[in-house]
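For reference, the structure is listed below as structure tokens.
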Amino acid sequence: IVVPTLIFVPCVGYGPGGFRLGYGGGFYDRTLASLQPKPFTVGLGYDFAYLPHLQPEAHDVPLDAILSDTGVMWPER
-19 IVVPTLIFVP CVGYGPGGFR LGYGGGFYDR TLASLQPKPF TVGLGYDFAY
31 LPHLQPEAHD VPLDAILSDT GVMWPER
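Residues -19 to 57, numbered by my numbering, are exactly what the sequence shown covers, in order.
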């Protein structure tokens, strides 16, 4: 079994705390929650996709960083 140490995750949108808005299937959240040890996760999205009022759901797994077209966001925990 291969356990990755780094995963890039697509973001339709993202918000404070490193939470992402995906495509609605929960695939990435379930996958990230099941991996041990937890890999470093980087979301990929556009700067205009930042959603300052995004409210995470109970199953949402926060990302460690977000890489956009204008730079890197390091979410505060």
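Don't be surprised by glycine CBs; every beta carbon is placed ideally from N, CA and C. As the structure is a computational prediction, the values presented were derived from the model and not from experiment.
Taking 7 Å as the limit between beta carbons, can you name the residues of its chain near residue i, skipping five residues before and five after?
i	result
T50	D27
L15	V(-17)
T21	I(-13), V(-11), L12, L43, D44
What does DSSP give as the partner residues of residue i in its beta bridges?
i	result
S48	G51
F20	L(-14)
R0	Y(-6)
Who are the Cβ neighbours of residue i in its own chain at under 6 Å, not counting the five residues just before and after it?
i	result
P55	G(-3), G(-2)
T(-15)	P19
M53	I46
G23	V(-11), C(-9), Y(-6), R0, L43, I46
A29	G(-7)
Quick one, which of the options has its alpha-carbon nearest residue i's?
i	options	result
V(-8)	V52, L34, V(-17), H39	L34
E37	V(-11), A29, G2, D44	G2
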